[in-house]
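Reminder that position 260 of the sequence shown reads as 285 in the numbering used here, one-by-one numbering, no gaps. Encoded as structure tokens, the structure appears first; notes follow it.
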Amino acid sequence: MNLKGICQQVIAICQAVGQFIRQEYQNFDKNQTEYKGANDLVSYVDKTAERMLVEQLAQLLPQAGFITEENPDNKQLTDKEFHWIIDPLDGTTNFIHQIPIFSISVGLLQGEEVVAGVVLSVMQNEVFYAWKGGGAFLNGRAIQVSSSQELKTSLIATGFPYKYKGQLPAHLRILGEIMPQTRGLRRLGSAAMDLAYTACGRFEAYFEYNLQPWDIAAGILLVREAGGIATNFAHQENNLLFTGEILAANPTIHALLSPIISQNFK
Ligand code: IPD
Ligand code: CA
Ligand code: CA
């Protein structure tokens with residue numbers, strides 16, 4: 026399979042859907058917000074964007090199945106060799122509150138391995154993409170994770186889950202330990218963009234938990250193809266997609282942060 030060619034076609038599809046999202050963003054009214062759960066927001070824009078992506082990606086690779094955020098029927102891997110894994114709008118809360126930080130994330134799985142990934146930062150028109158063995162790119166330029174070797178020169182991203190399953194005290198302890206040792210912390214509100222920004226070295230590291238596979242599939246490949254490491258909090262690289270936890274960074278910063286995170290989360 027020509028993964029580079031697939032990536033280029035996925036980018037074109039994401040850009041068309043990105044144009045739709047940008048149009049709707051101008052006039053979006055908070056009253057159009059719907060709720061999937063407490064603090065778990067959605068809108069007609071997420072749902073329409075997903076339908077557009079599914080329709081076009083199905084034509085691109087008719088043999089592939091789908092795992093998508095907004096369709097309850099698309100939640101499991103099937104016996105197909107390939108699956109698209111889609112977050113049509115990652116950063117919905119930002120979108121609804123008119124904060125221009127949100128993305129489209131599309132990954133292609135072969136078995137359980139991500140072999141191609143595209144993250145389009147919609148309002149900035151920045152497209153991050155990678156294919157297995159081919160490297161990672163931002164708007165056509167090859168990208169690398171940060172070369173920073175010390176926490177004191179590092180900017181660290183995290184996320185605050187919609188649902189805490191008892192982990193809030195551990196998370197706050199970690200933030201308290203990391204904050205004084207680094208240049209600071211950021212919470213963008215789009216996990217796919219956190220990973221894309223880590224892949225291109227804007228962030229030295231990113232960690233979060235209670236994530237869904239569509240939040241991180243494309244981003245994991247971006248980080249790995251850009252020379253970084255992505256693991257769960259127990260330092261395991263395998264099956265990362267379905268564990269919901271992630272620590273992504275260059276190898277040195279990963280090694281410095283990993284014990285702080287794992288000790289607090291045990
Ligand atoms: C959310 C974003 C956010 C992360 C949440 C995700 P959504 O995705 O990625 O950064 O903290 O855990 O659910 O709901 O905007 O697609
Ligand atoms: Ca998401
Ligand atoms: Ca979403």
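A virtual CB, placed ideally from N, CA and C, is assigned to each residue, including glycine.
For this session: Go to Glu-80, then tell me how far its beta strand (DSSP E) extends in each direction, as first and last residue.
Result: Premise fails: Glu-80 lies in the alpha helix (DSSP H), 69-85, not in any beta strand (DSSP E).
- Query: Tell me the DSSP bridge mates of Tyr-60?
  - Reply: Paired residue(s): Leu-66.
Worksheet item: Would His-122 be called buried (16 or more neighbouring beta carbons within 10 Å of its own) or exposed?
Response: The residue is exposed, with fewer than 16 neighbouring Cβ atoms inside 10 Å.
query = So what's Leu-281 in DSSP terms, helix, strand or just coil?
reply = Here DSSP, grouped into helix, strand and coil, assigns Leu-281 to helix.
* Is it the case that the Cβ atoms of Val-139 and Ser-128 are separated by a distance below 9 Å? -> Not in contact: Val-139 and Ser-128 (Cβ atoms no closer than 9 Å).
- Task: Report buried or exposed for Thr-178, applying the criterion of at least 16 other Cβ atoms within 10 angstroms of its Cβ.
- Result: Exposed, since its Cβ has fewer than 16 Cβ neighbours within 10 Å.
Distance check for Ile-181 and Ile-199, CA to CA, integer angstroms please.
In this model, Ile-199 and Ile-181 are separated by some 12 Å (Cα to Cα).
Asn-99 versus Gln-84 - alpha carbon distance
Spanning the two alpha carbons is a distance of roughly 17 Å.
| Considering only residues of the segment 125-196, which uninterrupted alpha helix (DSSP H) runs meet the minimum length of 4 residues and lie entirely inside it, listed in chain order? | The segment 125-196 is shown to contain no whole alpha helix (DSSP H) run of 4 or more residues.
- Unbroken alpha helix (DSSP H) run spanning Thr-118, endpoints: That run of the alpha helix (DSSP H) goes 117-121.
Is the closest heavy atom of ligand 2 to the C-beta of Gln-149 under 8 Å?
Taking 8 Å as the cut-off, the C-beta of Gln-149 does not count as close to any heavy atom of ligand 2.
Discussion item. Let me check understanding here. Comparing Cα to Cα, which of Gln-288, Asn-275 and Ile-31 lies closest to Ser-173?
Written reply: Sorting Gln-288, Asn-275 and Ile-31 by C-alpha distance to the C-alpha of Ser-173 places Asn-275 at the top.
Where do the N-terminal and C-terminal ends of the beta strand (DSSP E) with Ala-89 fall, by residue?
Boundaries cannot be given for Ala-89, as no beta strand (DSSP E) includes it and DSSP labels it neither H nor E.
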